[in-house]
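Residue numbers (the working numbering), protein chains in the order written: chain A, 1 to 325; chain B, 1 to 412.
Think of the CB as a built atom: it goes at the ideal place given N, C-alpha and C, for glycine as much as any other residue.
See below for the structure under consideration.
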Amino acid sequence: MSILIGADTTFIVQGITGREAVNLTRECLDYGAGAKIVGGVTPGRKGRDVHGVPVYDTVAQCVEAHGGPIDGSVVTVPPAFTKDAVFEAIENAVKLIVVVTERIPRRDVAQMVELANMRGARIIGPNCLGVIVPDVVKMGGIGGPAKNAAQAYSAGPIGVISRSGGMTTEMSSTLTAAGLGQSTAVSIGGDAIIGSTYAELMPFFEADEQTEGIVIYTEPGGRMEAELSQWVVDNDCRMPIVAFMAGRFMDEMPGMSFGHAGTIVEGKEDTAAEKIARLADAGITVAEEISEIPEIMKSKLAAHVEHKPPPGVSVPAWVRGGSPL
Amino acid sequence: MRFFEYEAREIVKRAGIPVTDFGFTTDAAEARTIAERIGGPTVIKSQVLTGGRMKAGGVKFADTPEQAEAHAADILELEINGHMPRGVLVDPKADVKQEYYAGVVWDGTAKKPVILFSDMGGIDIEEVAEQHPDHVGRVHISNLLPISDYQAKECIAQTGVTGRALQRLTPIVRSLAQLFVDNDMVLAEINPLCEMKDGTFVALDAHMDMESEARGRHKGLLKDLGVGDDETRLAREPTDFELAGEEVDGADHRGVAGNVTEFDGNIGLVIGAGGGSLTLFDAVRAHGGEPANYCEIGGNPSVHKACGLAKLVLTKPGVDKIAVMMSIVSNTRVDIVARGVIKACLELGFDPAEKIAIFRIPGAWEEEGFKILEKYGIEYADRSVSMHEAARRAVVKITGPDAVAAAAEAGS
Chain A
1 MSILIGADTT FIVQGITGRE AVNLTRECLD YGAGAKIVGG VTPGRKGRDV
51 HGVPVYDTVA QCVEAHGGPI DGSVVTVPPA FTKDAVFEAI ENAVKLIVVV
101 TERIPRRDVA QMVELANMRG ARIIGPNCLG VIVPDVVKMG GIGGPAKNAA
151 QAYSAGPIGV ISRSGGMTTE MSSTLTAAGL GQSTAVSIGG DAIIGSTYAE
201 LMPFFEADEQ TEGIVIYTEP GGRMEAELSQ WVVDNDCRMP IVAFMAGRFM
251 DEMPGMSFGH AGTIVEGKED TAAEKIARLA DAGITVAEEI SEIPEIMKSK
301 LAAHVEHKPP PGVSVPAWVR GGSPL
Chain B
1 MRFFEYEARE IVKRAGIPVT DFGFTTDAAE ARTIAERIGG PTVIKSQVLT
51 GGRMKAGGVK FADTPEQAEA HAADILELEI NGHMPRGVLV DPKADVKQEY
101 YAGVVWDGTA KKPVILFSDM GGIDIEEVAE QHPDHVGRVH ISNLLPISDY
151 QAKECIAQTG VTGRALQRLT PIVRSLAQLF VDNDMVLAEI NPLCEMKDGT
201 FVALDAHMDM ESEARGRHKG LLKDLGVGDD ETRLAREPTD FELAGEEVDG
251 ADHRGVAGNV TEFDGNIGLV IGAGGGSLTL FDAVRAHGGE PANYCEIGGN
301 PSVHKACGLA KLVLTKPGVD KIAVMMSIVS NTRVDIVARG VIKACLELGF
351 DPAEKIAIFR IPGAWEEEGF KILEKYGIEY ADRSVSMHEA ARRAVVKITG
401 PDAVAAAAEA GS
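Set out below in structure tokens:
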């Protein structure tokens with residue numbers, strides 16, 4: 001199984017005639033079994049098509065043409081129009097919205113998230129690359145062209161959550177090379193306020209039978225890691241988690257932002273050092289290098305399987321062969 | 001984007017919150033005129049975007065207009081934490097009965113603004129929150145529903161404030177929350193918010209920080225305050241090298257060569273993207289290397305842009321070689337970056353194999369890219385070489401194996 005999306009997920013692309021959106025549409029159609037993109041929206045461009053996907057003026061027209069509810073939308077419109085596009089998707093009963101656009105003011109994001117919460121919809125992003133279920137489907141630019149995505153991602157037991165789109169692929173590729181495939185990888189976005197944080201995605205992975213371990217990429221700034229640590233302790237998380245923390249140098253440079261808009265050390269709690277300590281307190285191992293992640297995960301999984309074998313889950317071959325550590 | 005105190009007070013005033021009859025000037029003689037207009041004792045405050053100005057002598061009290069002029073002249077020349085003041089603020093000396101704190105910030109976990117209030121104003125709110133948690137009120141506000149007086153009232157009442165003070169403070173705190181929302185602030189703070197001996201309530205000092213991404217929506221306000229489009233208001237002023245980096249980025253709309261930041265070391269970095277740069281910069285330092293710069297390339301930069309950035313870094317004094325590294329790319333093309341950095345070496349009259357310590361960018365169009373790199377004899381690595389290993393190789397080549405060994409020793 002997977003989380004958030006699957007082979008049958010239907011979605012639209014808002015802003016589909018933009019250059020990036022045209023590429024992204026091609027990539028998603030080509031990847032795995034081929035995404036079910038049922039329409040695209042660009043106001044004033046009704047009647048055109050993008051790689052065979054019909055273009056409409058409104059989300060309501062997409063829904064009407066599809067003849068029923070649409071599961072998701074990838075929103076890739078300029079920052080000034082993003083809030084409106086997301087509101088339009090939510091009010092047309094779309095339940096999963098991947099917001100690709102970057103540089104959206106925080107207040108707009110917070111408004112989108114609040115409306116989504118009211119309507120039972122979920123937002124991934126903004127400033128993210130979307131969601132991929134290896135070999136099955138991808139929703140967003142994650143992993144790039146189908147050929148490149150297929151090279152980096154492989155199906156398996158690890159859930160990946162990352163504040164950096166590019167690092168989602170780097171980490172998944174490292175896992176793939178070590179024989180650890182991914183159940184679902186989610187690029188959650190690098191802004192200060194995002195639709196879905198680590199802690200908010202954990203219940204999905206926790207409920208997913210395929211997922212046996214979680215790998216996260218994290219950065220200084222914000223309290224998302226503290227929130228995850230709390231979640232892990234409060235919910236007695238069944239899975240081992242391995243984290244990688246980039247931007248440690250920023251601890252020496254308070255008030256400066258690098259990498260993503262959300263990375264800024266403002267107080268004591270959001271430094272890299274503080275976050276590493278917090279994660280460690282919750283039993284989350286923080287790897288020094290990305291290349292260490294697979295071995296750490298394998299040994300944690302092996303220890304995990306020995307101590308409390310989850311019912312109905314078969315022991316992977318590499319565990320039976322003994323941990324390399 | 002942070003505002004100076006005199007600007008923050010102006011924003012507060014525009015929101016209908018009472019302020020003192022202050023004046024701002026860049027000229028000592030005018031400070032005297034303002035003091036004369038105020039009549040009576042004044043406070044002269046340095047206008048700098050840094051803390052600790054009281055300790056540094058950036059705040060002085062004057063009994064007469066002559067004294068105000070003399071203090072203003074001193075303060076205008078006084079550097080605080082590396083910042084020269086923008087000017088001075090001349091304020092009537094306040095007769096304070098009670099100091100309060102009122103602030104609004106984002107709560108990233110709740111994804112809503114939160115109003116903070118304390119009856120222990122004038123000091124650092126984080127300190128109050130730690131030592132006297134029952135003296136800090138907190139109320140979250142909706143992003144969609146209108147802000148209402150009761151929310152401010154509840155927040156204030158949490159600290160035990162009642163009676164006339166509660167009545168008078170409520171509209172002030174509500175207005176502060178409204179201005180936070182209306183102006184896309186990430187911080188709006190009045191500290192202290194004072195009850196004066198004459199019974200009036202006045203904002204005596206204010207801190208405002210507007211989200212940079214939203215600047216375009218507040219052109220009118222910024223124009224009225226005289227904030228130029230080129231004012232970044234970052235924690236420190238950009239260096240010439242950093243400005244040259246912005247020029248490289250701005251010269252071509254294709255792709256990004258962003259966040260070019262100067263450091264003291266000797267290892268030139270052409271790195272990307274957002275998370276990749278953070279990872280690689282850490283990796284170079286973990287192996288004992290000292291970066292000469294930070295940067296983020298991405299979004300499929302043109303040959304021209306990659307070349308411009310590589311040239312800038314290669315010509316930085318103290319830099320002998322560059323390391324060209326990224327996390328796996330799917331949008332940026334490996335071959336285009338390769339051509340850009342090679343072009344930079346050739347145009348500067350260098351041998352690319354000599355000047356490029358390592359090239360580690362796997363991903364889209366890598367076969368084409370690696371072919372070009374091979375042709376010029378440049379050491380390159382595919383995804384089987386980790387980002388940290390690539391960084392280690394760069395440090396070995398540029399700083400020497402001893403530095404790497406020492407770093408490994410220190411780390412173990």
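Rounded straight-line distance, which links the Cα of residue j to that of residue i
i, j, result
"LEU144 (chain B)", "THR315 (chain B)", "51 Å"
"GLY294 (chain A)", "ALA199 (chain A)", "One detail in the question is off: residue 294 (chain A) reads as Pro in this sequence, not Gly. Computed Cα separation, rounded: 22 Å."
"ALA403 (chain B)", "ARG285 (chain B)", "10 Å"
"LYS219 (chain B)", "ASP84 (chain A)", "21 Å"
"GLY340 (chain B)", "MET167 (chain A)", "23 Å"
"GLU91 (chain A)", "VAL186 (chain B)", "28 Å"
"ASP182 (chain B)", "TRP106 (chain B)", "14 Å"
"THR20 (chain B)", "ILE38 (chain B)", "10 Å"
"SER314 (chain A)", "VAL53 (chain A)", "Because the pLDDT of SER314 (chain A) is 46, which lies under 50, any placement of that residue in the model is unreliable, and the question is left without a value."
"GLU88 (chain A)", "ILE141 (chain B)", "23 Å"
"ALA364 (chain B)", "ASP264 (chain B)", "33 Å"
"GLN151 (chain B)", "LYS13 (chain B)", "21 Å"
"LYS298 (chain A)", "PRO126 (chain A)", "32 Å"
"MET1 (chain B)", "PRO105 (chain A)", "13 Å"
"ALA419 (chain B)", "GLU30 (chain B)", "For chain B, the structure presents residues 1 to 412; residue 419 (chain B) sits outside this window and is missing."
"GLY18 (chain A)", "CYS62 (chain A)", "18 Å"
"MET256 (chain A)", "THR263 (chain A)", "8 Å"
"GLU195 (chain B)", "LEU89 (chain B)", "21 Å"
"ILE241 (chain A)", "GLU5 (chain B)", "45 Å"
Residue-chain proximity (residue i, chain A), Cβ-Cβ < 8 Å
i, result
"LEU144 (chain B)", "yes"
"VAL460 (chain B)", "A question about residue 460 (chain B) goes unanswered here, because the residues of chain B that appear run from 1 up to 412."
"ASN331 (chain B)", "yes"
"HIS388 (chain B)", "yes"
"ASP264 (chain B)", "no"
"ILE328 (chain B)", "yes"
"LYS112 (chain B)", "yes"
"TYR3 (chain B)", "Residue identity differs from the one stated: residue 3 (chain B) is Phe in this sequence, not Tyr. Judged by the 8 Å Cβ criterion, PHE3 (chain B) is not in contact with chain A."
"GLY363 (chain B)", "yes"
"ALA408 (chain B)", "no"
"THR399 (chain B)", "no"
Element boundaries [beta strand (DSSP E), containing residue i]
i, result
"ASN191 (chain B)", "185-196"
"LYS138 (chain A)", "137-139"
"GLY166 (chain A)", "Segment 165-177 is the alpha helix (DSSP H) holding GLY166 (chain A); no beta strand (DSSP E) there."
"ASP281 (chain A)", "Per DSSP, ASP281 (chain A) belongs to no beta strand (DSSP E); it is in the alpha helix (DSSP H), 272-281."
"VAL13 (chain A)", "10-14"
"GLU296 (chain B)", "293-298"
"LEU269 (chain B)", "267-272"
Proximity test, Cβ basis, 8 Å: residue i and chain B
i, result
"GLU274 (chain A)", "no"
"SER229 (chain A)", "no"
"ARG48 (chain A)", "no"
"GLY18 (chain A)", "no"
"SER154 (chain A)", "no"
"ILE104 (chain A)", "yes"
"PRO78 (chain A)", "no"
Opening and closing residue of the alpha helix (DSSP H) in which residue i lies
i, result
"ASN331 (chain B)", "That residue, ASN331 (chain B), is in no alpha helix (DSSP H); it is neither H nor E in DSSP."
"SER46 (chain B)", "Careful: SER46 (chain B) lies outside any alpha helix (DSSP H), inside the beta strand (DSSP E) at 42-46."
"ASP91 (chain B)", "Unbroken run through ASP91 (chain B) is the beta strand (DSSP E), 88-92; no alpha helix (DSSP H)."
"GLY411 (chain B)", "401-411"
"GLN210 (chain A)", "Unbroken run through GLN210 (chain A): none, as it is neither H nor E."
"ILE97 (chain A)", "ILE97 (chain A) -> not in any alpha helix (DSSP H); beta strand (DSSP E) instead, spanning 96-99."
"PRO145 (chain A)", "Here PRO145 (chain A) belongs to no alpha helix (DSSP H), and DSSP marks it neither H nor E."
Beta-ladder partner(s) of residue i, from DSSP
i, result
"LYS305 (chain B)", "DSSP lists no partner for LYS305 (chain B)."
"GLY103 (chain B)", "B:LEU116 and B:GLU189"
"GLU262 (chain B)", "B:ASN293"
"PRO146 (chain B)", "According to DSSP, PRO146 (chain B) bridges with nothing at all."
"ARG2 (chain B)", "B:ASP209"
"VAL109 (chain A)", "Beta-bridge pairing links VAL109 (chain A) to no other residue."
Chain E within 8 Å of residue i, Cβ atoms only
i, result
"GLY140 (chain A)", "The structure shown contains no chain E; its protein chains are A and B."
With 9 Å as the C-beta to C-beta threshold (strictly closer), list the residues of the segment 240-257 of chain B near chain A in chain order.
The residues in question: there are none.
Under 8 Å (Cβ pairs) to chain A, residues found in the segment 173-207 of chain B
Of all residues in the segment 173-207 of chain B, only VAL181, ASP184 and VAL186 come within less than 8 Å of chain A when Cβ atoms are compared, listed by chain position.
Can you pull out the residues from the segment 274-296 of chain B whose beta carbon lies closer than 8 Å to at least one beta carbon of chain A?
So the list reads GLY274, GLY275, GLY276, SER277, LEU278, THR279, PHE281, ASP282, ALA283, ARG285, ALA286, TYR294 and GLU296, given in the order they occur along the chain.
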